[in-house]
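In our numbering, the protein residues as written are 40 to 1022.
Cβ atoms here follow ideal geometry from the backbone N, Cα and C, with glycine treated the same way.
These numbers come from a predicted model, not from an experiment.
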Amino acid sequence: MSALQPNQASNDQLALATALTAKTNLLCVGLEDGIADILELVTPTTRLLLNWWFGAEQCASRSFNFHPGQKQAILNTIVAHEVLQAPDLLALYQAVAPDALLTGTRLSEVAQAKHNHPKYCLKMATGTGKTWVLQTLMVWQVLNKSALLAEGLIDARFTRQFLVVAPGLIVYERLLDAFLGKESAGVRDFSSSDISRYAELFIPELDRDAVFAFVRGNVCNKAEIGLKATGNGMIAITNWHLLNGSDDEISPDEMVSAESLANPQDLIAQLLPLTPGRATGNSLDVLDRRYARGDVLDFLAGLPELMVFNDEAHHIHDFKKEGEATEVEWQKSLTKIAEPKGISFVQLDFSATPYNDVGSGKNKKKVYFPHIIVDFDLKTAMKQGLVKSLVLDRRKEVAALPLEFKAERDDDGNPTLGEGQRVMLRAGLQKLKKLEADFAKIDPNRHPKMLVVCEDTSVSPLVSLFLQQEGLGDDEVMTVDSGKKAELGEKDWAPVRERLFNVDNHQNPRVIVSVLMLREGFDVNNICVIVPLRASQAQILLEQTIGRGLRLMWRDAEYGDIKRENRELIHAGKEPGSLIDILSIVEHPAFQSFYDELMKEGLVGVDDGTNDGGSGVGDMISVGLSTDFAKYDFAIPFILREAEEWLDHHAPEISKLLPFAALSRSELAAMIGKGDLFTSQDLQSHTLFGDYRVDGAVMQVAGYNDLLSRLTRRISQALSQPLPKGNKIATHLANPYLQVHTAELASWLEDYIENQLFSEPFAPLEDENWRLLLLTPVLDHICQQFALALIEGEQQTSDDACEVKHRYLSEVEKLMMREAYSLPVTKSIYERLPFPANKGGLEKMLIEWAQADSHIEAFSKISETRHHFVRLRYVKEDGLPAFYSPDFLIRTNDAIYLVETKAQQQVNHPNVQRKLKAAVAWCERINGLPSSERQERSWHYVLLGETACYDWRDKGAHLDELLAFAKARPQLNSLTQTSLDLN
């Protein structure tokens, strides 16, 4: 696997991440093939999970997988915690990066008491799926803990007790959605939760029900912690306010240090913890919550083990107050919770910006947290196309503004929007309108949004009013700030929250106005324009603001080419060719220093407004069905059930089975003794009990039910196949008689024994009468009677018709393509057909040839992403299964061809040949159907090499002649050769 290296500027501070990544990558060589060293160093449960998450076969069978950044974060955490088993941060440094302890004050820093437990920070860029990693690591913990408990073992590395801490209301609500599903009308839909939607990736199939039950039964919201009765663990989700003792949704950056006790109010709070807050008066609800906070902390501290996940963890560590670094109160609460647990307290911090800004002016620098174990930064994410590309909207009217663009004040001191702010808002609105119009041309269900970040809550209403004056309606502008929930109340806030979290799916609101509340956790995909009106130049605030718009909006594979070209153009210092997955920042020159580093590396582009006449989607077009598409359509047959033969079985008539008459019951009774366990020697019988044939051996039976079970199994197996030689039955031969359910057979046996065997009623459980059945003559008779009855009851039934369902290419009503890389056609269901932008010359030639050839009735390009049902399964050279889609379907007057085009040097590649064999086998099955099920034509697979295509075309041949010549034919075997007509 490829290493993810931290940026060089902060390399010393990120030495732990660098060293751990190198060690992890070394241990994981061969992980995809199941041969990595790490598999020998982890528990059996973790080994299974690693194979499920990262094994090549499993990855090939899924439509989504972890990207490299997520994979590295998961593996680094497992190596640090499970493999290295470091009890605290200092021990982790000593095991991985001991030299880093000699740099500066790092040794004294990591030796502090707050690091005296396993503690890890995952630095992952916004929009790269931190929540997936969080949930995956939780699955790792739960399944390991459950497996160990099932074996009666205890391992401090694993737990089923979790506390998930969010920095604010938005992230808190998002986490509840991720675990329990989105809420509508007060009810959460678990099927919409991340843990359910992506279970195919997170959880092996056999463990899903157990994990689902654990999550649904053990999630506690912040009001339920310590009160809700959970089952076998806990997933407590809260925001930092519970740990801080605050009921107000304020920014952590605006918190007052808890260190100051000189303030009389602080002293009163120490003595009278039930003092009501000023904002809420003497509300008993507030008093109850503040009182209960102490119980919650005591409850969490009293747990024997706990793993804490801190989302957006840059809030939890030291901050500056009046020039002095101070630890925030909620971090102190976590330290208190951790104290009695030792290594059974684990802290995992997630943040895109895990650093503090130190100094000012030219001396300003980032100081990263010391426990960062993985670094997947924004630059890497942008280069890999995992987030939107950034473009600065540097329009002339914006660039000409004075540097000061705060809100202004009128004569009475009331805030008003400054002229600079108005210009920036108009510029953002102009870009939004352009994107809306352009995006609607290719997909009317994609709704771009604009986010406006204001300097304070007094400005946000002014922004909303201004936008309405510019022509936007009330429902097109949504204002959300930290006081919104308190202002509305819980009941009225719920629909606002639901509308906010689902903005991607609706046309309105078009613009979202916020202050600090949406700078984190507002995880929607359609933010395409950001107007940052905040005057602050703090880099961490800018990064968090921009992070709101980084998530990809156009994830479909068909947009991959145009997005890659955008990245290449930006890297070359040019304006992107489209605005597909481009985040436009309407920016003021005062913030230019923030972007300098990204621009130097070619990761940020510039839009100066000179190309406003161009399309925001570049040359992407939506191509629909032609008016007469039906006559060019392809009906692809899917065999749901083959024609088959099977055996029906009628129940035997018990009254017609012969009774045992060789010996009387009294004579039989004289042949046996009494006791709890009985043995019977069978010298000549072929009767089989359990795993042994009774042939001069001793058979032990614990009771009547045990005898009945063994007898049932023996008869069912004996009718399935001949007995093996020797005393043992090979386990792979022990298959039941499939025509009869063993439960039915046992019932028939019991009926026969109790009513017919001795020509009179027989009670096996009275006076241990069942022991008579152990005798060889009786057992032989029972087996003989049922074997004959079951065989005579067989009736062969055949079904000459197979069940077939057809899927039509026209089910996909439109294809997305680039106009420059597509051709107009008239013999296809679509008005145009695409070809690859990179090395697509052969496919382009084939489209032109098929269009011009009168022998071709219809043809179509198959889209791998849209025509997902047109794919064939094959086995790759390495033995792993995979799927692939042919390039074209082509119809002539007597045949339908699945056509795969390849460069000449690729034709003989082993995997290409394996695809060929699989396709030929599929066509053989289709050709075995009645002609009415296959459009009255035979189906064939054709592998066209580049040389043959151009040679035949240049010589004036018809395309159907080449297809008929090049079609793949089944390999002859001895059976087919004997049936050849040689006349």
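Listed in chain order, the non-local C-beta contacts of E148 below 7 Å within the same chain comprise P409, local neighbours out to five positions each way being set aside. Annotation for T144: no beta strand (DSSP E) segment contains it, and DSSP assigns it neither H nor E. I412 is not a Cβ neighbour of L176, given a cutoff of 8 Å. Taken atom to atom, the span from the alpha-carbon of S970 to that of A674 is near 12 Å. Residue T167 holds the alpha-carbon nearest to the alpha-carbon of F389 among L539, T167, L697 and G424. Per DSSP, reduced to three states, the secondary structure at N808 is helical.
In this chain, the beta strand (DSSP E) harbouring H979 covers S977 to G984. For Y132, the enclosing alpha helix (DSSP H) has its first and last residue at L128 to V135. Closest option to D246, judged by alpha-carbon separation, among W91, Y989, K404 and H845: W91. For T63, the enclosing alpha helix (DSSP H) stretches over residues A54 to L66.
In this structure, H486 is the residue among L937, G143 and H486 with its C-alpha nearest to the C-alpha of V568. The three-state secondary structure of T931, taken from DSSP, is coil.
Less than 8 Å divides the Cβ of E71 from the Cβ of G94. In the structure shown, S390 adopts extended strand secondary structure according to DSSP, grouped into three states.
Rounded to the nearest angstrom, the gap between the Cα atoms of T455 and I601 is 42 Å. DSSP places Q823 inside the alpha helix (DSSP H), whose first and last residues are T815 to E831.
Annotation for L146: L140 place their beta carbon closer than 6 Å to its own, counting only its chain and skipping 5 residues before and after. In the three-state reduction of the DSSP assignment, D416 falls in the coil class. Of all C-beta pairs linking the region 259–279 to the region 208–220, three or more are shorter than 8 Å, placing the two stretches in contact. Proximity of the region 863–870 to the region 686–705 falls short of the contact definition, fewer than three beta-carbon pairs being nearer than 8 Å. Exposure of R912 is indicated by the presence of fewer than 16 other C-beta atoms within 10 angstroms of its C-beta. With respect to the 8 Å criterion, L928 and V843 are not classified as neighbours on the basis of their beta carbons. When secondary structure is reduced to three states using DSSP, S748 falls in the helix class. Taking K427 as reference, the option from G73, I624, K169 and N257 with the minimal CA-CA separation is I624. Judged by DSSP in its simplified three-state form, P863 adopts strand. Per DSSP, H410 lies in no beta strand (DSSP E) segment and is marked neither H nor E. By the beta-carbon neighbour count (other beta carbons within 10 angstroms, threshold 16), I830 is exposed. In the displayed model, V946 falls within coil according to three-state DSSP, outside both helix and strand. Taking one beta carbon from each stretch, the region 847–860 and the region 661–670 have 3 or more pairs nearer than 8 Å; the two touch. Scanning its chain for C-beta atoms nearer than 7 Å, with the 5 sequence neighbours on each side dropped, one finds around V909 the residues I675, I901 and S924, in chain order. The distance from the Cβ of D127 to that of P157 is about 7 Å, consistent with a contact at the 8 Å cut-off. Distance from the CA of L881 to the CA of T940, rounded to the nearest whole angstrom, comes to 7 Å. Contact check for V656 against I619 passes: the beta carbons are separated by less than 8 Å. For the pair F229 and R199, the CB atoms are not nearer than the 8 Å cut-off.
With a contact defined as Cβ atoms closer than 8 Å, S899 and L848 qualify at about 6 Å.
Taking the Cα of F540 as reference, the smallest distance to any Cα among D216, E96, I117 and H948 is reached at D216.
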